[in-house]
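Following UniProt numbering, the residues of the sequence shown are numbered contiguously, the last one being 95. Read the structure below first, then the notes.
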Amino acid sequence: MLSKQERTAFYKSKEWRHVREQVLKANNYECQECKRQGKVSTGKRLDVDHILELEYYPELALDLDNLETLDFECHNKKHNRFIKKENKWRDDEKW
Ligand SMILES: [Zn+2]
């Protein structure tokens, strides 16, 4: 298992930056989760996600089969991060 410090160092490494670019290109700079749902995600911040999490599978850190492009929203959903209430309401209401 990788510590937070080790993960931070990884995300700053040249190897990661290089592989990250490869994944973005291979995925056409599109969110793969939105794509699976038949939606098109454009203009949002894109992240490259470890399908099996880096923390637990450091051996797959640079494995292209374990990487995919997600937008900010889908990435947050996947990791169940705290999302501000304002955002939730904004999404729920149709103006
Ligand atoms: Zn998405």
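Built from N, CA and C at the ideal position, the CB exists for glycine as well.
Do L70 and K78 have their CB atoms nearer than 8 Å?
yes
With 16 other CB atoms within 10 Å as the buried threshold, where does E6 fall?
exposed
Residue nearest to V19 in terms of C-alpha spacing, selected from K39, L2, N27 and L62
L62
In DSSP terms, what E68 is bridged to
D49
When you compare only the Cα positions, how much space is there between W95 and D47?
Here the model assigns W95 a pLDDT of 49, short of 50, so the residue's position is not dependable, and the following value carries that caveat. The alpha-carbon atoms of W95 and D47 are separated by roughly 29 Å.
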